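**Student:**
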Amino acid sequence: MPLMNLRLARPKVIIDINRLSKLSSISAGPNGGLVIGALTRQRAIERSATVKERNPLLAAAMPLIAHFQIRNRGTIGGSLAHADPAAELPAVSVILGAEFVLQSARGERVVRAEDFFVDIMTTAIKPDELLTEIRIPGWRPGLGWAIDEVSRRRGDFAMVGVAALVQIDANESCQEARIALFGVGAKPVRVPRAEGMLRGKAPDQKTLLEIAKSVSDELDPDSDVHASAEYRKEVGGVLTRRALEKALLRAREGKK
Amino acid sequence: MTVNGKSYERLVEARMMLADFLRGELDLTGTHLGCEHGVCGACTILLNGEAVRSCLLLAVQADGAELLTVEGLAQGNELHPLQKAFHERHALQCGFCTPGFLMTAFAFLKETPNPTEAQVREAISGNLCRCTGYLPIVQAILQAASEPGEISSKSVSTPPARRL
Chain D
530 MPLMNLRLAR PKVIIDINRL SKLSSISAGP NGGLVIGALT RQRAIERSAT VKERNPLLAA
590 AMPLIAHFQI RNRGTIGGSL AHADPAAELP AVSVILGAEF VLQSARGERV VRAEDFFVDI
650 MTTAIKPDEL LTEIRIPGWR PGLGWAIDEV SRRRGDFAMV GVAALVQIDA NESCQEARIA
710 LFGVGAKPVR VPRAEGMLRG KAPDQKTLLE IAKSVSDELD PDSDVHASAE YRKEVGGVLT
770 RRALEKALLR AREGKK
Chain C
229 MTVNGKSYER LVEARMMLAD FLRGELDLTG THLGCEHGVC GACTILLNGE AVRSCLLLAV
289 QADGAELLTV EGLAQGNELH PLQKAFHERH ALQCGFCTPG FLMTAFAFLK ETPNPTEAQV
349 REAISGNLCR CTGYLPIVQA ILQAASEPGE ISSKSVSTPP ARRL
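Chains as they are written, first to last, in this note's numbering: chain D, 530 to 785; chain C, 229 to 392.
(1) Going along the chain, which residues of its own chain have a beta-carbon closer than 6 Å to the beta-carbon of M244 (chain C), five neighbours each way excluded?
(2) So, are the CB atoms of A692 (chain D) and V621 (chain D) less than 8 Å apart?
(3) Nearest chain C C-beta to L535 (chain D) closer than 8 Å, yes or no?
(4) Three-state secondary structure (DSSP) at D733 (chain D)?
(5) Is there a C-beta anywhere in chain D that falls below 8 Å from the one on G258 (chain C)?
(6) Where do the ends of the beta strand (DSSP E) carrying L791 (chain D) lie?
(7) Can you check the region 303 to 346 of chain C for any beta strand (DSSP E) of at least 3 residues that lies completely inside it and give the ranges in chain order?
(8) What beta strand (DSSP E) runs, 3 residues minimum, are completely inside the region 240 to 303 of chain C?
(9) Residues in the same chain with beta-carbon distance under 6 Å from A642 (chain D), minus the five sequence neighbours each way, listed in chain order, please.
(10) Taking T272 (chain C) as the query, report the chain D residues whose CB atoms sit under 7 Å from its CB, ordered along the chain.
(11) Quick one: which chain D residues come within Cβ less than 7 Å of E278 (chain C)?
(12) Quick test of the definition: if touching needs 3 or more C-beta pairs under 8 Å, does the region 247 to 267 of chain C touch the region 696 to 709 of chain D?
(13) Going residue by residue through the region 550 to 580 of chain D, where are the continuous alpha helix (DSSP H) segments of at least 4 residues, counting only ones entirely within it?
(14) Which one of D:D613, D:L593, D:G566 has the shortest CA to CA distance from I605 (chain D)?
(15) So with CB distances below 8 Å, who are the chain C contacts of D545 (chain D)?
(16) So is R669 (chain D) buried or exposed if we call it buried at 16+ other beta carbons inside 10 Å?
(17) Could you check the C-alpha separation between K762 (chain D) and L694 (chain D) for me, to the nearest Å?
(18) Identify each residue in the region 302 to 334 of chain C for which the Cβ-Cβ distance to at least one residue of chain D is less than 7 Å, and report them in chain order.
(19) For the region 658 to 688 of chain D, which segments carrying the beta strand (DSSP E) assignment without a break, of at least 3 residues, lie completely within its bounds, in sequence order?
(20) Does any residue of chain D bring its CB to less than 8 Å from the CB of G262 (chain C)?
(21) Between C:F336, C:A333, C:V231, C:T360, which lies nearest to G300 (chain C) when the distance is taken from Cα to Cα?
(22) Does R539 (chain D) pass the burial test, meaning 16 or more other C-beta atoms within 10 Å, or should it be called exposed?
(23) Counting only the same chain and skipping the five closest in sequence on each side, list residues whose C-beta sits under 8 Å from that of G667 (chain D).
(24) Could you tell me the distance, in whole angstroms, from the CA atom of L532 (chain D) to the CA atom of M591 (chain D)?
(25) Among all the DSSP beta bridges, which residues are the ones paired with I740 (chain D)?
(26) Does the beta-carbon of R536 (chain D) have 16 or more other beta-carbons within 10 angstroms, so that it is buried, or is it exposed?
The structure is reproduced here in structure tokens:
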């Protein structure tokens, strides 16, 4: 709607799907996962006890999305299909390994989140397809999570943001790390080098500082009116370090 | 649709925004339009009990809905406690943003009747005011919250407000 108000989009036809009530639901998926209808309001996900219990990262991401007046109307499917580079949900869905159900008159197909985001506001959805359902795999024991962002005001678009998931084993060594930054590229940006630096280690403060440096080097954001590329690189590293500290702490607490 | 307890029926162009409909078709000009892309919050109204941006909705999408606008807050000459508090605390200067702040605060206090100052600040983060510096607005909302009774049932002129 803002794109049309700003005359950046001039669609010939708009189909309002708001009354397709079947697309608005939150239910428990297999193996502790979640199945969320594309038309589910962000506010409903924020308030959902099922989401809070099954996926703390998704629950924590919701209040970061704009302001409550926007979340009252905004939907999970809308945010994902819109694919704004600064949005939280695309990054979160990528590291959660979410799958998206796309339906058309031709049938149904399932696309993984990491294959779904193609470019700025561009996704794998074909013109005759509709995103109908978001499937989120179950939470595993030993997972630690964090999401953080820097914006001008609470609720504004993130200049830089990061979502992180870490999996630790009994020796508190990191088995897997998934990090996705937003606001720093055309789509959610993974940082494979930093993720690799964590694997197999119980990272100390020195390692985390090295990872922060690596992330800053690895990022290649654009400058715009909100922030310069240098600022985004620097803050991206710092935010990643803070997120990893939090995620590792949560993973260790979960172990106890 | 029902606006402030009164039912309206109009045939409008599909492209008409809800805010333009309220102002132009129903002559309810209390709802203000600032940025027209969801950022400034001036056009905030309640749609079926939830605070929404009327600049981000088409009028046709509100077909059959129950709306509450700033005009529905006062009962005759009796101001709503939020309006009274804004008046007493000088929480407005030019007044352009005020309808949006009032409707935001109304929806917020309905859900959070005894807020902390930090909660109030977060709740109004989606509304811009260029005159007051926000402090009197925060104080006014806290003052309205401290008054006895439920905020949503305090002298709102529309009977459906109880169902909000």
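Note that beta-carbon positions come from the ideal geometry of N, C-alpha and C, so glycine has one too.
Small disclaimer: the values here were computed from a predicted structure and weren't measured.
**Tutor:** On the basis of the coordinates in this document:
(1) A287
(2) yes
(3) yes
(4) coil
(5) no
(6) Nothing about residue 791 (chain D) can be read from this structure; chain D reaches only from 530 to 785.
(7) none
(8) Unbroken beta strand (DSSP E) runs of no fewer than 3 residues, entirely contained in the region 240 to 303 of chain C, are found at 272 to 275, 278 to 281, 294 to 296, following chain order.
(9) Excluding its 5 nearest sequence neighbours in each direction, A642 (chain D) has C-beta neighbours in its own chain below 6 Å: S622, V623, A627, listed in chain order.
(10) Q598
(11) N601
(12) no
(13) 571 to 576
(14) The shortest Cα separation from I605 (chain D) among D:D613, D:L593, D:G566 belongs to D:G566.
(15) L286, V288, Q289
(16) R669 (chain D) is exposed by the Cβ-count criterion.
(17) 20 Å
(18) T332
(19) You should have 659 to 665, 672 to 679.
(20) no
(21) C:V231
(22) R539 (chain D) should be labelled exposed.
(23) Leaving aside the five residues that flank G667 (chain D) on each side, the residues in its chain whose CB is nearer than 8 Å to its CB run, in chain order, G558, P559, N560, G561, G562, R583.
(24) 22 Å
(25) The partner list for I740 (chain D) (beta bridge, DSSP) is empty, contrary to what the question assumes.
(26) exposed
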